[in-house]
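Position 98, counted from 1, in the sequence shown is what my numbering calls 100; the numbers after and before it change by one each time, with no gaps. By construction, the Cβ of each residue, glycine as well, lies at the ideal position given by its N, Cα and C atoms. Take a look at the structure set out below.
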Amino acid sequence: MTKCEKGRVTMTFTEPIRKYILSGLVAFVVIGLIVANVMASKQDDKFKINEALYTQAIQLQSTGDMAGSADAIKNVLKKEPNSEIANYAAALIFAQNGDMKQAAIHMQKTLDLNPYKVEDPRFMIQLGEIFVGAEKYEEAKIVLLRCQESQWILEDIPTYQEHVAALLAQIENSQLKEGTKNE
């Protein structure tokens, strides 16, 4: 029902119309909750499957089955290509398998997904080592100089800075050798 008072139009609802509006809102909320619950349970199932694959990859790595661990982590990455932890694990698995190029790709992706990793001394030394192994000397130098400037020392790696210096020296030697080959 509509009323017109002094140029204003106001609407008044009768009791049955109010009940229909209220019941419609309640139905909308209930349906929304049901849909959210169904979607959440599907997401939980997906998470459990991916977690199982990830756990399998780590277990295979710890038992020395490097080919199996690489296959398992590849399956995780197919389902979750933007998983920071899966890319990090993949990098370490590929590095242990000697595939430093793939390891470097996954370490870089890990860093792209979480730029705060530049503050993680363990990650940074691993990134530097992998870049050196992949012969990405300029990138490795940037990473290792950051490690050196930050003066990090880890409790379980008391020779952290010496290791950084050794990697930087290895880069210099490799670049000198490349320079003499090109002459």
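Please work out which residues of its chain come closer than 6 Å, Cβ to Cβ, to residue i, disregarding the five sequence neighbours upstream and downstream, and give them in chain order.
i    : result
L113 : K119
D95  : Sequence inspection shows Ile at residue 95; the Asp mentioned does not correspond to that position. Excluding sequence neighbours, I95 sits near Q63, S71, A72, I75.
Q104 : F96
I19  : none
K159 : In the sequence under discussion, the amino acid at residue 159 is Ile, which differs from the Lys named in the question. So no residue of the chain qualifies.
Based on the DSSP output, what are the partners of residue i in its beta bridges?
i    : result
L199 : The question about residue 199 has no answer, for the chain in this structure spans 3 to 185.
Leaving out five residues before and five after residue i in sequence, what residues of the same chain have Cβ atoms less than 7 Å from its Cβ?
i    : result
L156 : P123, R124, Y162
S176 : Y139
N84  : L115
M102 : I132, G135, A136
Given residue i, which residues of its chain have a CB within under 8 Å of its CB, disregarding the five upstream and five downstream residues?
i    : result
R148 : V120, M126
Y22  : none
A167 : Q150
I173 : V134, Y139, A142, K143, L146
Am I right that residue i and residue j are in contact with their C-beta atoms under 8 Å? What's the rounded C-beta distance?
i    : j    : result
A93  : I132 : 7 Å
G135 : V145 : In fact, because the Cβ distance is near 13 Å, the residues do not count as touching under 8 Å.
Is it buried or exposed, residue i, if we count other Cβ atoms within 10 angstroms and call 16 or more buried?
i    : result
G100 : exposed
T16  : exposed
N89  : buried
Q153 : exposed
A106 : buried
A171 : exposed
L202 : Here the chain has residues from 3 to 185 only, and residue 202 is not among them.
K111 : buried
L178 : exposed
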